[in-house]
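Take a look at the structure below.
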Amino acid sequence: MAITDISIHEDNKVGDSDLLAVHSPLTFLVDVTYTGAVPDVLYCDVYDEDALLLSTFKCIPYQDLLPTQRRFIFIADSIIRGYMDSFDDFVQSENSLVHVDGATKIFELKFRDPDAGVSDESVTFTAINAAREFGENPNLSEIFNNDTQTYIAAKDETVYVYFYNDDTANIITIGDSFITKFIISDSVGFLENALIEISTLSELTDVNGEAEFTLIDGSYSYSISKEGYVTKEGNFDIDGGNLLFEIELVSNTQAVVTFHAEYNSVDQENVFIEIKKGGVLIESGYTDVNGDLIKNLYLDTYDIIVSELYWQYEVAPYQLIVNTDPQTDNLVITLKQVYPVTFQVRTFGDIKLENAEIGNQDYILSGDPNDTWRNQSAILVTDVNGEVVANDLPGTDFIGVRKTGYVSTSIQITTIAASHLQVITLTPE
Amino acid sequence: MSEIGYYRYKIKPSQSVDVKFNVNFQLASTKSIVVKEVCDGFKLLKYIDKDGQYRFYPFNKYWESSDKPKLIGKSSKIIESVLNAQSSESNIGYKNDRTVSLVAESVGQDELTLLSYIYTSPRVYLYIGTTTDEAKDWLEVEIKGDNINKLRKRKFTKVNIDVILPEWYSIRMM
Numbered sequence: 001m002a003i004t005d006i007s008i009h010e011d012n013k014v015g016d017s018d019l020l021a022v023h024s025p026l027t028f029l030v031d032v033t034y035t036g037a038v039p040d041v042l043y044c045d046v047y048d049e050d051a052l053l054l055s056t057f058k059c060i061p062y063q064d065l066l067p068t069q070r071r072f073i074f075i076a077d078s079i080i081r082g083y084m085d086s087f088d089d090f091v092q093s094e095n096s097l098v099h100v101d102g103a104t105k106i107f108e109l110k111f112r113d114p115d116a117g118v119s120d121e122s123v124t125f126t127a128i129n130a131a132r133e134f135g136e137n138p139n140l141s142e143i144f145n146n147d148t149q150t151y152i153a154a155k156d157e158t159v160y161v162y163f164y165n166d167d168t169a170n171i172i173t174i175g176d177s178f179i180t181k182f183i184i185s186d187s188v189g190f191l192e193n194a195l196i197e198i199s200t201l202s203e204l205t206d207v208n209g210e211a212e213f214t215l216i217d218g219s220y221s222y223s224i225s226k227e228g229y230v231t232k233e234g235n236f237d238i239d240g241g242n243l244l245f246e247i248e249l250v251s252n253t254q255a256v257v258t259f260h261a262e263y264n265s266v267d268q269e270n271v272f273i274e275i276k277k278g279g280v281l282i283e284s285g286y287t288d289v290n291g292d293l294i295k296n297l298y299l300d301t302y303d304i305i306v307s308e309l310y311w312q313y314e315v316a317p318y319q320l321i322v323n324t325d326p327q328t329d330n331l332v333i334t335l336k337q338v339y340p341v342t343f344q345v346r347t348f349g350d351i352k353l354e355n356a357e358i359g360n361q362d363y364i365l366s367g368d369p370n371d372t373w374r375n376q377s378a379i380l381v382t383d384v385n386g387e388v389v390a391n392d393l394p395g396t397d398f399i400g401v402r403k404t405g406y407v408s409t410s411i412q413i414t415t416i417a418a419s420h421l422q423v424i425t426l427t428p429e
Numbered sequence: 430m431s432e433i434g435y436y437r438y439k440i441k442p443s444q445s446v447d448v449k450f451n452v453n454f455q456l457a458s459t460k461s462i463v464v465k466e467v468c469d470g471f472k473l474l475k476y477i478d479k480d481g482q483y484r485f486y487p488f489n490k491y492w493e494s495s496d497k498p499k500l501i502g503k504s505s506k507i508i509e510s511v512l513n514a515q516s517s518e519s520n521i522g523y524k525n526d527r528t529v530s531l532v533a534e535s536v537g538q539d540e541l542t543l544l545s546y547i548y549t550s551p552r553v554y555l556y557i558g559t560t561t562d563e564a565k566d567w568l569e570v571e572i573k574g575d576n577i578n579k580l581r582k583r584k585f586t587k588v589n590i591d592v593i594l595p596e597w598y599s600i601r602m603m
């Protein structure tokens, strides 16, 4: 005789519940395939939840299915009942949640060939000190699933309320729960598929960067992560109300950004560019001979301030969104508005003076042709009418005026955003 | 981390209330407690239902106690003087079976089902304490009823249960 196969025909499990009542009939049917003489013995080893062998029993031959297959039966209820704890109650403090030791126990039944010629077959289940009545759900699924139950209590007297836990990884608590909502974004906008983890819970944000958790009162830690961003961690407390968190993630991915300054197809060298975020200077530098400044920046939004351009050029401060690698940012250079100023140099008697020279206030003493007034490229010289016109920006400063035979003079002038006449009177030496 | 099996929450509710169980900080199940008003002098029984859960039920203050004393026996004694002796026997003592008859009124149909498990409960306890809830406050008793299942299931009904207390200790000769 040789057993060639063992299979469990009836393990009493239905659905997702492995809760078996041991105060009702409970039998296991095992089919044995063999060659040679029909086997009379099949063993059942009973193990507890610590994998400790409690005892070995013989299964009873029940039915011959085929010439080479016999069914054995193991009547488990009376045996398993012997290993359950007593029904005595225990003391418990008020408003406490405790595990009821002994009301349930995990067992493993291992069916094996006495000659150990084939692999064992085993079944694990949770035995419960309960009785399943006719017509009730198999596997006591209503208990397993914690379908709503009602408990009767006398006013201000003790009552126990029961909850069935089916997973050792679960954390079980009592109380009302509240909504904690997260809205996740980066410097550009809402972030989808950011992973938010709280204890053993996790959620991915939707297209609006939102995710919600239903939590009870208590203290929690969260972690928010997404590829390309620095993981954000934090703590919060729930105390009887809903919460909302709006959190911005910072990118940990850099891009090569080229700032290019050019006007009328002419590259602008030595333009100073400052890159700031939240008022804090991140990077700065001057454009090169090609009008380029190259920097490595994290994917984010920055405030850009440009200065030290040619006096008539300007770039308004703006925000730059860095979201690709590489990225080029062409500075938008505009012309400043200039206004004509007519200088008229005369002497007493309203005599207009030709060839009077006008520079900045240093020019009187230096005579240096580089000491020009304001942004002018050369010293201004009056014509036969004693006049010279210069286009420049509005402002207040000093001019220096000199002419041979006359006392040089320096005066403060204010030019306005409009055409302007400035009369200067020189005194003969 | 937790254990597989029943978790039990103990509470003394002053009014009907829902108890919310959360798994991993999310609501998993809501259980309802129905509180019954009781007057002073009520009796409380604790028993195990068919699912292995301890349940409680209050009975009204109109309970009745009855004693059934039983003579243990008599022993002979020698009459030493005919002047002052009255009997040649002495009682050894008595043992008493005390029965408390309890009445639960206005038992609804759903409550009737829950209460019916008391007849098949391997443990039934009678509360004999005053304010505490310790092992000493609960007395294990036997029960017999008026065959509750024969009563027609009306909207509200009355249930009578007799509780037989453990042997009543008394002074005895041996």
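Those protein sequence lines, which keep their order, are chains A and B.
Per the working numbering, residue 1 is the first one in the first sequence, and the count goes up by one each step.
Per the working numbering, residue 430 is the first one in the second sequence, and the count goes up by one each step.
Where a beta carbon is used, it is the ideal one built from N, C-alpha and C, also for glycine.
Item                                                                                                                                                                                 : Value
So, at 8 Å on beta carbons, what are the nonlocal neighbours of A/D288 in its own chain, with the 5 sequence-adjacent residues on each side left out?                                : E269
So which residues on chain A does B/P487 lean against when the C-beta distance must stay under 9 Å?                                                                                  : I152, A153, A154, K155 and E157
State the start and end residues of the unbroken alpha helix (DSSP H) segment that holds A/I143.                                                                                     : S141 to F144
Indicate the three-state DSSP secondary structure (helix, strand or coil) for A/L335 in the structure shown.                                                                         : strand
Could you name the residues of the same chain whose beta carbon sits closer than 6 Å to that of A/L320, not counting the 5 residues immediately before and after it, in chain order? : Y302, I304 and D329
Anything in the stretch 461–485 of chain B with a Cβ closer than 9 Å to a Cβ of chain A? List those residues in chain order, please.                                                 : S461, I462, V463, V464, K465, E466, V467, F471, L473, K475, I477, D478, K479, D480, G481, Q482, Y483, R484 and F485
With a 10 Å radius around its C-beta and 16 neighbouring C-beta atoms as the bar for buried, classify A/I416 as buried or exposed.                                                   : exposed
Kindly indicate which three-state DSSP category A/P138 falls into: helix, strand or coil?                                                                                            : helix
Any contact between the stretch 481–491 of chain B and the stretch 563–573 of chain B? By contact I mean 3 or more CB pairs, one from each, below 8 Å.                               : no
Please classify B/S445: is it buried, with 16 or more other beta-carbons within 10 angstroms of its beta-carbon, or exposed?                                                         : exposed
For a quick check, are the C-beta atoms of A/N463 and A/Q337 less than 8 Å apart?                                                                                                    : Since the first residue of chain A shown is 1 and the last is 429, residue 463 of chain A is not available in this structure.
Could you tell me the alpha carbon to alpha carbon distance between A/G36 and B/F450, rounded to whole angstroms?                                                                    : 57 Å
Quick check on B/G558 - is its C-beta less than 8 Å from some C-beta in chain A?                                                                                                     : no
Would you mind stating whether A/V384 and A/E354 have Cβ atoms separated by less than 8 Å?                                                                                           : yes
Output the residue ranges of the beta strand (DSSP E) runs that lie fully inside the stretch 458–546 of chain B and measure 3 residues or longer, sorted by chain position.          : 472–477, 483–488, 493–505 and 518–537
First and last residue of the beta strand (DSSP E) that includes A/R112?                                                                                                             : T104 to R112
In three-state terms, what does DSSP make of B/A564?                                                                                                                                 : helix
Take every Cβ of the stretch 418–428 of chain A, pair it with every Cβ of the stretch 130–149 of chain A, and state whether three or more of those distances are shorter than 8 Å.   : no
If distances are taken between C-alpha atoms only, which option among A/I60, A/K226, A/I174 and A/A116 comes closest to A/S192?                                                      : Per the sequence shown, the amino acid found at residue 192 of chain A is Glu instead of Ser. Closest by alpha carbon: A/K226.
Is it buried or exposed for B/I521, if we count other Cβ within 10 angstroms and need 16 for buried?                                                                                 : exposed
In angstroms with no decimal places, state the Cα-to-Cα distance between A/I80 and A/I73.                                                                                            : 15 Å
Given that A/F134 touches chain B, what residues does it touch there, using C-beta distances under 9 Å?                                                                              : Near A/F134 there are no residues of chain B at all, since even the closest Cβ is about 12 Å away, more than 9 Å.
Check the C-beta distance from A/Q92 over to B/R437 and give it rounded, since I have them as a contact under 8 Å.                                                                   : 7 Å
Return the chain-ordered list of same chain residues with a C-beta closer than 6 Å to the C-beta of B/S461, the five sequence neighbours on each side being excluded.                : D447
8 Å is my cut-off, CB to CB: does A/N193 come that close to chain B?                                                                                                                 : no
Quick check: the stretch 148–157 of chain A against the stretch 195–215 of chain A, are there 3 or more CB pairs under 8 Å?                                                          : no
Give the residues of chain A in contact with B/N451, contact being defined as C-beta atoms less than 8 Å apart.                                                                      : I172, T173, I174, G175, S177 and I216
Determine the DSSP secondary structure at A/D31, reduced to helix, strand or coil.                                                                                                   : strand
By Cβ distance below 6 Å, which residues in the same chain neighbour A/V230 in space, the five residues on each side in sequence not counted?                                        : V250 and N252
Residue range of the beta strand (DSSP E) that A/I379 falls in?                                                                                                                      : First-last for A/I379: undefined, no H or E at that position.
According to DSSP, is A/T414 part of a helix, a strand, or is it coil?                                                                                                               : strand
Considering only residues of the same chain and omitting the five flanking positions on each side of A/Y263, which have a CB-CB separation below 7 Å?                                : Y313 and I333
Let me see if you follow: with CB-CB separation under 8 Å, is B/P551 close to chain A or not?                                                                                        : yes
My output table needs one value for B/T549: the three-state DSSP class, helix, strand or coil.                                                                                       : helix
For A/L299 versus A/V266, is the C-beta spacing smaller than 8 Å?                                                                                                                    : no
What residues of chain E sit near B/D562, judged by a beta carbon separation below 8 Å?                                                                                              : Although the question refers to chain E, the structure presented lacks it and instead comprises the protein chains A and B.
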